[in-house]
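Enquirer:
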Ligand SMILES: [Zn+2]
Ligand SMILES: [Zn+2]
Ligand SMILES: [Zn+2]
C-alpha cells in the first residue's frame, strides 16, 4: 500500500501511510487501530512510528517521561485528543471513552521515554 495524502481527523491533519479518516494505516489497520500520535520532533501527527519513519526526514524522538499532560494522542473515532499520562493509564479516549488497541502498549518505548 502506498502513502496517500494527509487526512483530516477532527481538527488535525494526519500524514504517513494513512488509509482512512479513523487513522488506520498501512501498518496497523485493525478495528481498534484508531489512534494517531503527535511526534515531539516535528509536532506532526502520524498513525504510527513506521509512518513517521517513512515520511519524515529525521529520526523520531520520544516524549520525555514528564510530558504527561501533552495532548499527544488523537482518537480516530471522535477526533478528540487525550493526554499522554491518561492514555498510558487507560488506553482509552478521554473524549469518547473508546478503547484503543491494547497491543500498542508493546510499542510504547517507540513513543514515550
Ligand atoms: Zn518527527
Ligand atoms: Zn503506520
Ligand atoms: Zn474518541
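Numbering (our numbering), first residue to last: 744 to 856. We put the beta carbon where it would ideally sit given N, CA and C, even for glycine.
#1: Report the rounded CA-to-CA distance for residue 753 versus residue 826, giving the unit in angstroms.
#2: Between the beta-carbon of residue 817 and the beta-carbon of residue 787, is there less than 8 Å?
#3: Going by DSSP, what residue range makes up the beta strand (DSSP E) through residue 780?
#4: So residue 760 and residue 797 are in contact, right, with Cβ under 8 Å, and what is the actual spacing, rounded?
#5: In angstroms with no decimal places, state the Cα-to-Cα distance between residue 838 and residue 851.
#6: Identify every run of the beta strand (DSSP E) within the region 752–781, keeping only runs that are complete inside it and at least 3 residues long; order them along the chain.
#7: Which complete beta strand (DSSP E) runs does the region 783–827 hold, if anything under 3 residues is left out?
#8: Which value, in whole angstroms, describes the spacing of the CA atoms of residue 820 and residue 832?
Expert: The structure says:
#1: 16 Å
#2: no
#3: 778–782
#4: 7 Å
#5: 21 Å
#6: 755–757
#7: 787–789 and 816–818
#8: 19 Å
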